[in-house]
Amino acid sequence: MPSPRVRRSWPRVELRRLDSPKRSIAFGEGVRLELAVRLDPMKPEDVVVELLIGRRTGGEVVRDSRRYRFEWEGVMTDQGEHCFALQITPEMCGKLEYHIRTYPYHELLTHPFEMGMMRWL
268 MPSPRVRRSW PRVELRRLDS PKRSIAFGEG VRLELAVRLD PMKPEDVVVE LLIGRRTGGE
328 VVRDSRRYRF EWEGVMTDQG EHCFALQITP EMCGKLEYHI RTYPYHELLT HPFEMGMMRW
388 L
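Residue numbering for the sequence shown is 268 to 388, as defined by the working numbering.
So this is what it looks like as structure tokens:
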């Protein structure tokens, strides 16, 4: 199970974009997203960093949302943040919305959100 270290460290977790967000891309065009994630003293394997992308149907509901997982690049920023990246070519077209989040991960959790902790960018 996730260690008490994860629970103690969670209030200090921060995400920030390293790339410049694009306002639009053509259908079939890929885009690379890069993040810096402050995890200290946690490790990249203690979290999932993911992109949710889909269409807004009104209010806060996003229809047909898909999830894509960022991968740790194996490098850190000068500020001690772990660098995560995702290369994606969206499978949907039209006006899409996306959100980036991170949450604790451990293979023994019964549900990905069992710990009730999440950070959004």
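For glycine and all other residues, C-beta sits at the position ideal for the given N, C-alpha and C. What you are looking at is a predicted structure, and each value in this text was computed from that prediction instead of being measured.
Which residues in the same chain have their Cβ closer than 8 Å to the Cβ of residue i, if we skip the five residues on either side of it in sequence?
i: E296; result: T356
Considering only residues of the same chain and omitting the five flanking positions on each side of residue i, which have a CB-CB separation below 7 Å?
i: Y365; result: L318, L319, I320
Is residue i helix, strand or coil when you go by DSSP?
i: S276; result: helix
i: E338; result: strand
i: E312; result: helix
i: P271; result: helix
Provide the residue span of the beta strand (DSSP E) that contains residue i, from first to last.
i: C350; result: 349 to 355
i: A303; result: 298 to 305
i: P379; result: From DSSP, P379 is part of no beta strand (DSSP E); its letter is neither H nor E.
i: I367; result: 364 to 371
Let me know if residue i comes out buried or exposed under the rule of 16 or more other beta-carbons within 10 Å of its beta-carbon.
i: V342; result: exposed
i: T369; result: buried
Leaving out five residues before and five after residue i in sequence, what residues of the same chain have Cβ atoms less than 6 Å from its Cβ?
i: R336; result: E317
Check your understanding: Any chance the region 285 to 300 sits against the region 373 to 383, with 3 or more Cβ pairs inside 8 Å?
Key -> Pairwise C-beta distances place the region 285 to 300 out of contact with the region 373 to 383, as fewer than three of them are shorter than 8 Å.
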